[in-house]
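S.K.: Residue numbers (the working numbering): 1 to 190.
(1) Apply the 10 Å Cβ neighbour rule to residue 32 and answer buried if 16 or more other Cβ atoms are within range, or exposed otherwise.
(2) May I ask you to report which of helix, strand or coil DSSP gives residue 198?
(3) Which runs of the beta strand (DSSP E) fall wholly inside the stretch 75–120 and span at least 3 residues, in chain order?
(4) If you follow the beta strand (DSSP E) that residue 71 is in, where does it begin and where does it stop?
(5) Work out the CA separation of residue 158 and residue 22 for me, nearest whole Å.
(6) By Cβ distance below 6 Å, which residues in the same chain neighbour residue 90 in space, the five residues on each side in sequence not counted?
(7) From this set, 57, 190 and 164, which residue's C-alpha is nearest residue 107's C-alpha?
(8) On the criterion of 16 or more Cβ atoms from any shown chain inside 10 Å, does residue 128 qualify as buried, or is it exposed?
(9) Measure how close the beta-carbons of residue 134 and residue 170 come, nearest whole angstrom, since I'm counting them as under 8 Å.
(10) Which residue wins for smallest C-alpha separation from residue 27, given the options 87, 72, 112 and 42?
(11) Whole angstroms is fine: what's the gap from residue 120's alpha carbon to residue 188's?
Next comes the structure, spelled out in structure tokens:
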């Protein structure tokens, strides 16, 4: 009986530990919401988010490698104000009719021991690609007790200058520095 109990504990531990090979994940659009924050009038912070995003993640902690692609639907921009949303979706800002997406594609995952610290890549916005570094506040993977599927969640953020992408409208009254924060949840595909 003791051996059966030990075997069961071992199997439970094995099934809930992180896989030791690269795994492919799909970002869950219902749990992935890129957010932004920008100063306006030198005193206030304006915040917004994009309600639709999708992409893929491949992650191998043992080899310390990975890839991430996040595709943000610019028409899903939401600042909590319909008039401001309409302005920001127009020409001079996100110009969603010409540029329906913003894309981040990783080039390198940076680890410190077993912890993912940052992801370096390219952010493409308004047809312009610029280097971007996303700092990883946390990443956790585990078995979802409801769906019984392996999932990973992460919180990443980085800074960009909107003028480097050609978005210069209302400078300096609306700041140039933008904090981008991407909270993702992804489920294993296989």
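Think of the CB as a built atom: it goes at the ideal place given N, C-alpha and C, for glycine as much as any other residue. Here the structure is a predicted model, which is why all the values come from computation and not from measurement.
M.R.: The structure says:
(1) Position 32 of the chain shown, counted from the first residue, corresponds to residue 32. Label assigned to residue 32: buried.
(2) Outside the modelled stretch of the chain, which goes from 1 to 190, sits residue 198, for which no answer is possible.
(3) 101–112
(4) Taking the first residue of the chain shown as 1, we reach residue 71 at position 71. Taken as a continuous stretch (DSSP letters only), the beta strand (DSSP E) holding residue 71 covers 65–73.
(5) The sequence position of residue 22 within the chain shown is 22, counting from 1. The sequence position of residue 158 within the chain shown is 158, counting from 1. Roughly 25 Å between the two C-alpha positions.
(6) Counted from its first residue, the chain shown places residue 90 at position 90. Closer than 6 Å at Cβ, skipping near neighbours: no residue.
(7) Start at 1 with the first residue of the chain shown, and residue 107 comes out as number 107. Looking at the Cα atoms, 57 is the closest of the given residues.
(8) Against the chain shown, residue 128 aligns to sequence position 128. Classification for residue 128: exposed.
(9) Taking the chain shown and counting its residues from 1, one reaches residue 134 at position 134. Taking the chain shown and counting its residues from 1, one reaches residue 170 at position 170. Wrong, their Cβ atoms sit about 26 Å apart, outside the cutoff.
(10) Position 27 of the chain shown, counted from the first residue, corresponds to residue 27. Answer by Cα proximity: 72.
(11) Indexing the chain shown from 1 puts residue 120 at position 120. Indexing the chain shown from 1 puts residue 188 at position 188. C-alpha separation (whole angstroms): 22 Å.
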